[in-house]
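For the sequence shown, my numbering begins at 289 and goes up steadily by one.
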Amino acid sequence: MENDLRHLLDTVPSQVRKSFLYKKYSKGSSILFPYEDNEYLYILTAGKAEVYRENYSGALISIFSYDSYSVFGELELFNEQIATFGISAKTDCEAILVHKNMVFEWMKNDFDFTRYILEQLSLKLVTSTSRTMKLSFLSIKDRILYSIYTHDKIGDLGNLTKQKLSQEVCAPLRSLNRSIKECIEEDFIVYQDKSFHITGKAKLEEYSKVFIF
289 MENDLRHLLD TVPSQVRKSF LYKKYSKGSS ILFPYEDNEY LYILTAGKAE
339 VYRENYSGAL ISIFSYDSYS VFGELELFNE QIATFGISAK TDCEAILVHK
389 NMVFEWMKND FDFTRYILEQ LSLKLVTSTS RTMKLSFLSI KDRILYSIYT
439 HDKIGDLGNL TKQKLSQEVC APLRSLNRSI KECIEEDFIV YQDKSFHITG
489 KAKLEEYSKV FIF
């Protein structure tokens, strides 16, 4: 896919290239906010980014991890009713932004680019559905750890309360407390002053890899 996109950028029509906007994002910053209006295709040319969404219960789910020479934002260009996902920079990032009018112009002039966009749309639909189904079968403990991991990644772990976590993992407080105790005993987290803190970031990162594409 990377080589395909590099080739497409090398052969982009001149009128489309002239419209390119070049942006830089520092590590940890937001590239797109959830539900933000978006009229651009983002082409990530350097760095890594991660995409988040909420499932039906309100739990945050990491949908995709993007490496350099990948695209995002294309879903909203074809359907204005689709809510934009939150996207954050995992490392310092550089991106090319292409306005939707120029995206459509590019597609009209280059069948290979059209095919690439269709492949991306298909891949993300399948992956998103698979991820949501996979998480629905996790244990309460796994859902807790994944939720804490995701909140930490997007920088709002300090706002996560037991009540909110209970809603996200779809578990009553009694069951939640038992599983939180288990997570504490396994040295993943601590719970102090009504706040969650990660005690073993590397351990939690490794544990959560099974949930991340």
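A virtual CB, placed ideally from N, CA and C, is assigned to each residue, including glycine.
No experiment lies behind these values; they were computed from the predicted model shown.
Under the three-state reduction of DSSP, which class applies to residue i: helix, strand or coil?
i      : result
ALA459 : coil
GLY374 : strand
THR299 : coil
TYR354 : strand
PHE484 : strand
GLU470 : helix
TYR344 : Residue confidence is low: TYR344 scores 48 on pLDDT, short of 50, so the model does not pin down where it sits. Its coordinate-derived value is still stated next. Note: TYR344 maps to coil in three-state DSSP.
TYR479 : strand
Based on the DSSP output, what are the partners of residue i in its beta bridges?
i      : result
LEU309 : LEU385
HIS314 : Reading the sequence as shown, one finds Ser at residue 314 and not His. Looking at the DSSP assignment, SER314 forms no beta bridge with any residue, so it has no partner.
GLU504 : Limits of the chain in this structure are 289 at one end and 501 at the other, which puts residue 504 out of reach.
LEU320 : ILE375
VAL391 : According to DSSP, which records beta bridges pairwise, VAL391 is partnered with nothing at all.
Taking the continuous alpha helix (DSSP H) assigned at residue i, which residues delimit it?
i      : result
LEU492 : 489-496
LEU365 : 362-366
THR438 : 428-442
Please classify residue i as buried or exposed, where buried requires at least 16 other C-beta atoms within 10 Å of its C-beta.
i      : result
THR438 : buried
LYS441 : buried
LYS306 : exposed
TYR323 : exposed
GLY361 : buried
ARG431 : buried
GLY374 : buried
LYS429 : buried
ALA490 : exposed
Report the residue from the options whose alpha carbon sits nearest the alpha carbon of residue i.
i      : options                        : result
SER376 : TYR354, GLU362, ILE472         : TYR354
ASP292 : ILE405, GLY361, GLY443         : ILE405
ALA334 : LEU461, VAL478, SER356         : SER356
PRO301 : GLY361, SER317, PHE401         : PHE401
THR449 : SER314, GLN408, HIS485         : HIS485
THR299 : ASN397, CYS381, LEU492         : ASN397
THR337 : PHE321, SER454, LYS388, PHE308 : The sequence shown places Ala at residue 337, not Thr. Looking at the Cα atoms, PHE321 is the closest of the given residues.
SER427 : GLU407, GLU456, PHE399, LYS412 : GLU456
LYS388 : LYS497, LEU329, THR487, SER463 : LEU329
LEU503 : GLU327, PHE476, LYS482, LEU413 : What the structure shows of the chain is the stretch from 289 to 501, and residue 503 is not part of that stretch, so it cannot be assessed.
ILE468 : ILE436, ILE370, ASN447         : ILE436
VAL359 : ASN465, CYS471, LYS412         : LYS412
ALA371 : ASP325, LEU409, MET395         : ASP325
LYS311 : ILE331, VAL304, ARG462         : ILE331
Verify the contact flag: residue i, CB atom, against every heavy atom of the ligand ATP, threshold strictly below 7 Å.
i      : result
PHE399 : In the structure on display, the ligand ATP does not appear, and there are no ligands present to speak of.
Taking the continuous beta strand (DSSP E) assigned at residue i, which residues delimit it?
i      : result
LEU332 : 328-334
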